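Under the working numbering, the first residue of the sequence shown is numbered 9, with each subsequent residue one higher. All residues carry an ideal CB built from backbone N, CA and C; glycine is no exception. As the structure is a computational prediction, the values presented were derived from the model and not from experiment.
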Amino acid sequence: TWDIPVIDGGAPVNNYIIERREAAMRAFKTVTTKCSKTLYRVSGLIEGTMYYFRVLPENIYGIGEPCETSDAVLVSEVPMVPQKLDVVDTTKTTVSLAWEKPLHDGGSRLTGYVIEACKAGTERWMKVSLVKPNVLEYTIISLNEGEQYLIRSEEH
9 TWDIPVIDGG APVNNYIIER REAAMRAFKT VTTKCSKTLY RVSGLIEGTM
59 YYFRVLPENI YGIGEPCETS DAVLVSEVPM VPQKLDVVDT TKTTVSLAWE
109 KPLHDGGSRL TGYVIEACKA GTERWMKVSL VKPNVLEYTI ISLNEGEQYL
159 IRSEEH
């Protein structure tokens with residue numbers, strides 16, 4: 009998304025041209041020459057690649073100066089869930105968990121895992137810990153004896 013230009017050159021902007029370039033390249037490529045809104049969804053990007061984007065306003069007098077993203081944008085998705093989340097040990101007040109890295113990281117380096125717990129019968133998830141991406145096990149302590157918990161881990 010972007011804002012309508014403050015200076016329109018004497019006539020309303022009636023079209024936008026959207027361009028992209030990979031951060032490692034110098035030349036921009038046209039994404040579309042026909043966009044009447046201040047919103048456009050760019051498809052066909054390569055996951056894990058950094059891109060710059062720019063938008064050129066157009067009115068009846070011609071094409072105006074481009075407005076470019078100041079920082080490159082990383083194309084990525086949400087990572088898949090960790091594999092094989094298992095309870096490896098329990099005591100009266102602790103549970104030890106182990107898991108494997110997700111099959112797909114979403115195109116971006118994992119920054120860690122969020123461990124959450126919820127008392128059975130409630131909907132209130134509480135963040136227990138944030139662990140580093142190279143850590144694939146964790147022990148939750150200070151659980152209430154006799155209570156049942158639901159446990160989950162998500163990438164961060």
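Under 7 Å between C-beta atoms of residue i and residue j
i: residue 54; j: residue 64; result: no
i: residue 27; j: residue 38; result: yes
i: residue 29; j: residue 69; result: no
i: residue 31; j: residue 80; result: yes
i: residue 138; j: residue 122; result: yes
Close beta carbons around residue i, own chain, < 6 Å, minus the five adjacent residues each side
i: residue 147; result: 102 and 104
Residue i: first and last residue of the uninterrupted beta strand (DSSP E) it sits in
i: residue 146; result: 145-148
i: residue 91; result: 91-98
Same chain only: Cβ atoms within 7 Å of residue i, ignoring 5 sequence neighbours per side
i: residue 114; result: 84, 85, 86 and 87
i: residue 20; result: 67
i: residue 118; result: 87, 141 and 163
i: residue 57; result: 30 and 83
i: residue 92; result: 107 and 108
Close beta carbons around residue i, own chain, < 8 Å, minus the five adjacent residues each side
i: residue 124; result: 133, 134, 135, 136, 159, 160, 161 and 162
i: residue 42; result: 23
i: residue 155; result: 127 and 128
i: residue 149; result: 101 and 102
Residue i beta carbon near the ligand ADP (any heavy atom closer than 6 Å)
i: residue 18; result: For the ligand ADP, the structure offers nothing, since it holds no ligand at all.
Reduced DSSP category for residue i - H, G, I as helix; E, B as strand; rest coil
i: residue 57; result: coil
i: residue 109; result: coil
i: residue 8; result: What is shown of the chain runs 9 to 164, which leaves residue 8 out entirely.
i: residue 65; result: strand
i: residue 160; result: strand
Item to complete: List in chain order: all unbroken beta strand (DSSP E) runs of 3+ residues lying wholly within the stretch 9-47.
Response: Runs found: 23-30 and 37-43.
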